[in-house]
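Right, one structure below, let's go through it.
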Amino acid sequence: MTSERVADVGPPGRVRTTSEQVAVTPTRRRACRHTVLALAVLVAAVCLAVRHWPVLETGALRLAVADQGWLLVGATAAGLTWPCAALAQQGAVTSRLPPGRLVATQFAASAAGHVLPAGLGAGAVNLRFLMRCGMPAGRSATAVAVKAAAGGIARGALIAVLAAACPGVLRIPSGWGGWAALVGAALGGTVLLGVRRWPRCRRALGVVLADIRAVHARPRRAAALWGGSLAFALLHALVLIAVTRAVGLPLAPALVALLYLAASCAAALLPTPGGLGSLDAALGLALAAAGAPPAAAASAVLGYRLLTMWLPLVPGLLVLGILIRRKAL
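Position 18, counted from 1, in the sequence shown is what UniProt numbering calls 18; the numbers after and before it change by one each time, with no gaps.
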């Protein structure tokens, strides 16, 4: 004779049957997985800090005698980049996102972007957040891509404006323009071929274009997308400007902003976690080429990295772990 056995004892006066225990077990397993993932994030933060401790220590010693007022300006500008990133992400979707969790997600995404190369960490965090907010996977991916594209276009526009204000600073090596045109033509041809040959590509492109039109049909969303993207790039440039002032580099603010934007675009060609190594080298070379003493240029780069990467890294990963634990991601 088969009967349903008592599997667990719940509150006084009530027992759980086997079927109820089966329903509870997946919940416990999910909680366990979230806890393990959160602990793994914390361990990764500690390992990164220990591995690169000489960089942190050297930068702290160099900046200990810098102008603290300008460093405070740089720290404030660095802190404002996350609300601007949140504004741009809100502008990339038509639905309203929870503002508190959105800003916290951008803070966590910036830390995740320093762990994985080519912005994969930040993109994955934003994608997961949008899906948790009820958006389908395809539309979430479109929103993340729209935000990234707006950021790239905003940087390109700022470079064009600042290059006109500082003539002769940027020099494109001979032959690079032809190669860039060739690569652009090849990419455009590949996209057109895919759209013409495969119906799924046409449907996907149609959905993406419909989402972009829907966002720009709302003036507030479009203003948030482009305003947040422009402000994000300008605030990062302001961080470097403030650090150069703190260490006594006599470079014009417009020149420093142009050098930062150009160096960050060049560093994107060598995708490393958070631009580690590539952005540092590009910024150092750019400042030195502009006439800054090598030691002062290195100190400025270290200060910029401390304010935008090293100091927020562990708190950002902590926030990431909390968001994962609370199932916001």
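Where a beta carbon is used, it is the ideal one built from N, C-alpha and C, also for glycine.
In the DSSP assignment, the alpha helix (DSSP H) including residue i goes from what residue to what residue?
i	result
residue 164	137-165
residue 229	219-246
residue 131	120-132
residue 280	278-289
residue 250	No alpha helix (DSSP H) holds residue 250; DSSP gives it neither H nor E.
residue 110	99-113
Buried or exposed, going by whether 16 or more other CB atoms sit within 10 Å of the CB of residue i?
i	result
residue 291	exposed
residue 91	buried
residue 95	exposed
residue 211	buried
residue 127	buried
residue 87	buried
residue 284	buried
residue 205	exposed
residue 115	buried
residue 269	exposed
residue 17	Because residue 17 sits at a pLDDT of 49, beneath the cut-off of 50, its placement in the model cannot be relied upon, and the point is left open.
residue 50	exposed
residue 221	buried
residue 321	buried
Are residue i and residue j close, meaning C-beta to C-beta below 8 Å?
i	j	result
residue 151	residue 229	yes
residue 125	residue 105	yes
residue 66	residue 247	yes
residue 278	residue 62	no
residue 342	residue 140	Absent from the model: residue 342. The displayed extent of the chain is 1 to 329, so no value can be given.
residue 266	residue 288	no
residue 134	residue 122	no
residue 258	residue 317	no
residue 244	residue 251	yes
residue 240	residue 304	yes
residue 76	residue 232	no
residue 319	residue 129	no
residue 71	residue 242	yes
residue 261	residue 169	no
residue 68	residue 147	no
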